[in-house]
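Residue numbers (the working numbering): 1230 to 1290. Working notes, beginning with the structure itself.
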């Protein structure tokens, strides 16, 4: 999260941006959900997590 000291957003963004791109792979997407590293405690965070997990699962089928 933006103010999460356990999993700071800017550190995650920095690390994702450092990854090399592969020619035939889609780039890694970094989603930001309110609620920090425990976003599942909030209804909107649970919905965003479920939607992202469903999208990832569907893309791998």
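Where a beta carbon is used, it is the ideal one built from N, C-alpha and C, also for glycine. All values reported here derive from a predicted model rather than from experimental measurement.
Tell me which residues share the same chain as residue i and place their Cβ nearer than 8 Å to its Cβ, disregarding the 5 neighbours each side in the sequence.
i            : result
residue 1259 : 1241, 1242 and 1245
DSSP on residue i, reduced to helix/strand/coil?
i            : result
residue 1284 : helix
residue 1272 : helix
Please report how far the alpha carbon of residue i lies from the alpha carbon of residue j, in whole angstroms.
i            : j            : result
residue 1264 : residue 1252 : 34 Å
residue 1285 : residue 1248 : 19 Å
residue 1238 : residue 1287 : 26 Å
residue 1268 : residue 1256 : 23 Å
residue 1233 : residue 1279 : 21 Å
By Cβ distance below 6 Å, which residues in the same chain neighbour residue i in space, the five residues on each side in sequence not counted?
i            : result
residue 1208 : In the structure displayed, the chain extends from 1230 to 1290; residue 1208 sits before or after that span and is not available.
residue 1277 : 1262
residue 1275 : 1269
How close, in whole Å, do the beta carbons of residue i and residue j come, if the pair is a contact with beta carbons under 8 Å?
i            : j            : result
residue 1266 : residue 1289 : With a Cβ gap of about 24 Å, residue 1266 and residue 1289 do not count as contacting.
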